[in-house]
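Numbering (this note's numbering), first residue to last: 1 to 228.
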């Protein structure tokens with residue numbers, strides 16, 4: 001049974017998240033502050049973390065950065081839970097290594113769907129050959145990325161998004177198709193999720209980000225022959 005840590009200072013929200021996840025067969029542990037959470041991490045590492053961005057002792061972004069800097073938690077799936085709705089707050093979370101985010105208030109079904117989707121995509125797959133897009137190389141077995149020989153640190157969602165685009169290079173993928181494949185369900189009113197991920201992905205890839213093209217009013221395209 002997978003263990004999920006809930007780091008949330010609001011007791012009511014923490015109780016709702018715990019109840020919903022327990023009913024879906026997950027084990028949970030709740031923490032109301034960062035200090036309690038890090039003490040819990042010394043005893044057991046969870047399969048996934050729901051991390052509130054506003055905590056009483058240390059903000060969630062700082063907590064996330066610490067997780068990504070530690071070798072044993074570098075790849076641990078993290079979903080940011082935040083009341084903030086501006087794009088810059090979401091970008092900060094994604095840039096710091098969050099795999100996904102959910103904005104309060106949220107529906108229980110949306111929460112469960114995002115958790116299931118992320119955990120499903122963390123399941124190991126059979127060995128595959130590296131995926132290539134010009135100077136971008138994705139090692140699907142080791143889940144590493146290089147752009148022009150330079151290592152690129154990607155979150156789980158960013159890796160999955162780039163992988164899907166490269167597997168379909170030369171083909172325009174619609175926004176709906178990308179949302180369904182990467183996030184598992186159609187997030188009505190949350191289409192900016194995709195745009196933010198594309199934006200941060202391009203930034204991390206540097207010059208190689210030019211190979212991810214926007215097709216206006218349709219979606220995105222991995223274009224191997226795009227010039228600088």
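Glycine residues also receive a C-beta, built at the ideal position from the N, C-alpha and C atoms.
Among the options, the one whose alpha carbon lies nearest that of residue i
i, options, result
"residue 136", "142, 206 and 36", "206"
"residue 27", "34, 42 and 50", "50"
"residue 230", "214, 163, 153 and 103", "A question about residue 230 goes unanswered here, because the residues of the chain that appear run from 1 up to 228."
"residue 209", "166, 64 and 6", "166"
"residue 107", "123, 92 and 81", "81"
"residue 3", "77, 211, 33 and 202", "77"
"residue 72", "45, 52 and 79", "45"
"residue 211", "54, 182, 224 and 35", "224"
"residue 204", "216, 145 and 19", "145"
Residues of its chain near residue i, where Cβ-Cβ distance is below 7 Å and the 5 sequence neighbours each way are ignored
i, result
"residue 194", "175, 178 and 179"
"residue 121", "156 and 160"
"residue 251", "Outside the shown range of the chain (1 to 228) lies residue 251, about which nothing can therefore be said."
Whether residue i touches residue j by CB criterion (8 Å)
i, j, result
"residue 133", "residue 70", "no"
"residue 94", "residue 155", "yes"
"residue 68", "residue 96", "yes"
"residue 163", "residue 118", "no"
"residue 40", "residue 1", "no"
Length of the line joining the Cα atoms of residue i and residue j
i, j, result
"residue 31", "residue 197", "28 Å"
"residue 83", "residue 105", "7 Å"
"residue 59", "residue 16", "21 Å"
"residue 23", "residue 109", "12 Å"
"residue 42", "residue 173", "42 Å"
"residue 11", "residue 202", "38 Å"
"residue 218", "residue 55", "39 Å"
"residue 6", "residue 123", "21 Å"
Residue i burial status per 10 Å Cβ neighbour count (16 or more: buried)
i, result
"residue 149", "exposed"
"residue 98", "buried"
"residue 14", "buried"
"residue 200", "buried"
"residue 142", "exposed"
"residue 238", "In the structure as shown, the chain begins at 1 and stops at 228. Residue 238 is therefore absent and cannot be evaluated."
"residue 158", "buried"
"residue 230", "What is shown of the chain runs 1 to 228, which leaves residue 230 out entirely."
"residue 100", "buried"
"residue 115", "buried"
"residue 63", "buried"
Beta-carbon proximity list for residue i, same chain, < 6 Å, skipping 5 on both sides
i, result
"residue 188", "With a pLDDT of 47 at residue 188, under the threshold of 50, the modelled position of that residue is not reliable, and no figure is offered here."
"residue 8", "14 and 52"
8 Å Cβ shell around residue i - same chain, five flanking residues per side excluded
i, result
"residue 231", "This structure leaves residue 231 out entirely; the chain is present only between 1 and 228."
"residue 57", "33, 34 and 35"
"residue 151", "144 and 145"
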